[in-house]
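Notes follow the structure.
Number of protein chains: 2
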Amino acid sequence: MQQCCVNILHMKVTRNTAAKGAILDLITNSDSALSHSEIHKLTADLCDRVTIYRILDRLVNEDVIHKIVNLDGTIKYAKCHHANHVHIHNHVHFSCEKCLKVTCMENVQPSYIIPRNYKVNDVNFTLSGLCPNCL
Amino acid sequence: MQQCCVNILHMKVTRNTAAKGAILDLITNSDSALSHSEIHKLTADLCDRVTIYRILDRLVNEDVIHKIVNLDGTIKYAKCHHANHVHIHNHVHFSCEKCLKVTCMENVQPSYIIPRNYKVNDVNFTLSGLCPNCL
DNA sequence: TTTTAAATGCAACAATGTTGCGTTAATATT
DNA sequence: AATATTAACGCAACATTGTTGCATTTAAAA
Numbered sequence: 001m002q003q004c005c006v007n008i009l010h011m012k013v014t015r016n017t018a019a020k021g022a023i024l025d026l027i028t029n030s031d032s033a034l035s036h037s038e039i040h041k042l043t044a045d046l047c048d049r050v051t052i053y054r055i056l057d058r059l060v061n062e063d064v065i066h067k068i069v070n071l072d073g074t075i076k077y078a079k080c081h082h083a084n085h086v087h088i089h090n091h092v093h094f095s096c097e098k099c100l101k102v103t104c105m106e107n108v109q110p111s112y113i114i115p116r117n118y119k120v121n122d123v124n125f126t127l128s129g130l131c132p133n134c135l
Numbered sequence: 136m137q138q139c140c141v142n143i144l145h146m147k148v149t150r151n152t153a154a155k156g157a158i159l160d161l162i163t164n165s166d167s168a169l170s171h172s173e174i175h176k177l178t179a180d181l182c183d184r185v186t187i188y189r190i191l192d193r194l195v196n197e198d199v200i201h202k203i204v205n206l207d208g209t210i211k212y213a214k215c216h217h218a219n220h221v222h223i224h225n226h227v228h229f230s231c232e233k234c235l236k237v238t239c240m241e242n243v244q245p246s247y248i249i250p251r252n253y254k255v256n257d258v259n260f261t262l263s264g265l266c267p268n269c270l
């Protein structure tokens, strides 16, 4: 018994399938975060539309990819970056107004001051404008 | 000729209607940002679903309300706060995980450092966790 | 009061996301 | 290698969300 991947929320064993591998490759090798529809177009007849939704949910629950909400409300997916087995979700993203690409910004740490009667669990910081390629 | 409101993008005169007034009142008096579906439920049979979309678009273009993208991708609307005729869009919001309310945070100014080859036009900063009421 | 065109309701459509269920296939067990 | 288990799949159906065209209504200027 050698399980390779688990859903960290339900501690259930998940399986590696062709479609899952292909979609993860796509996200891993993309220089920007991808939406469901973009993945659907890029994979053509790899699998059903519903299957893509389920694979994305699984990869998020396995903590392999993470969701990014774009400024227009569309949801995109990008690879998670782990450091020394400690998982640090990077929630700083740049959304280019021209090429519409969403990229994760490593090493950008925003600072802020907020009243004490709020408990902050998550930080979502999206900057929009022009990326280096479109400037 | 006494025009009361204009679409600042197209400089076209807009009209005050019962539905528009009621929806603006709703947003103005709400302590949290409201989504299209929330407004639809709260207004019952005030007007058609499509009309709500159009009224919200109009109010955004008139610079009276602004859009907020929630962490789950849903779009919410809140009143704009102007100071001395100078319009300052406040893009810092708090999204409560428990009561699901989205509130605008005045006076919170995040600071950040970003590479020079990016041109930032807009900042969207959403913190999530527990609000004072749910803490 | 008349004129105008902005705003509305309605129907139809497109896009996006979800659910149930029978079938397929990845993986552990024998 | 064969078998058993059940996660993953395809497909159909459905729910939600957002858009567009067009005839009608109505706010506001003339």
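Sequence order for the protein chains is A and B.
Quick note, the first sequence lines up with residues 1 to 135 if you use this note's numbering.
Quick note, the second sequence lines up with residues 136 to 270 if you use this note's numbering.
No residue lacks a Cβ here, since even glycine has one placed at the ideal position from N, Cα and C.
query: Exposure label - residue 238(B); buried when at least 16 CB within 10 Å; result: buried
query: Candidates 99(A), 5(A) and 18(A): closest to residue 43(A) by CA position; result: 18(A)
query: Per DSSP, cross-strand counterpart(s) of residue 228(B); result: 239(B) and 261(B)
query: Residues in the stretch 106-118 of chain A having any Cβ partner in chain B nearer than 7 Å; result: 108, 110, 111, 112, 113, 114, 117 and 118
query: Residue 200(B) at chain A interface by Cβ criterion, 7 Å; result: no
query: Contacts of residue 131(A) in chain B (Cβ-Cβ under 7 Å); result: 253
query: Bounding residues of the alpha helix (DSSP H) (the contiguous stretch that carries residue 66(A)); result: No alpha helix (DSSP H) contains residue 66(A), which is instead part of the beta strand (DSSP E) from 65-69.
query: Buried/exposed call for residue 4(A), threshold 16 Cβ in 10 Å; result: exposed
query: Cα-Cα separation, residue 132(A) to residue 126(A); result: 16 Å
query: Cutoff 6 Å; reference residue 167(B); Cβ partners in own chain excluding five residues on either side; result: 236, 237 and 238
query: Residue nearest to residue 12(A) in terms of C-alpha spacing, selected from 30(A), 117(A), 56(A) and 62(A); result: 62(A)
query: Environment of residue 24(A) [buried if 16+ CB atoms lie within 10 Å]; result: buried
query: Test item: CB-CB of residue 256(B) and residue 226(B) under 7 Å; result: no
query: Local Cβ density within 10 Å of residue 53(A), reported as buried at 16 or more and exposed below that; result: exposed
query: Under 8 Å (Cβ pairs) to chain A, residues found in the stretch 145-169 of chain B; result: none
query: Contact belief for residue 182(B) with residue 201(B) at Cβ below 8 Å, rounded distance in angstroms; result: About 22 Å separates the two Cβ atoms, so there is no contact after all.
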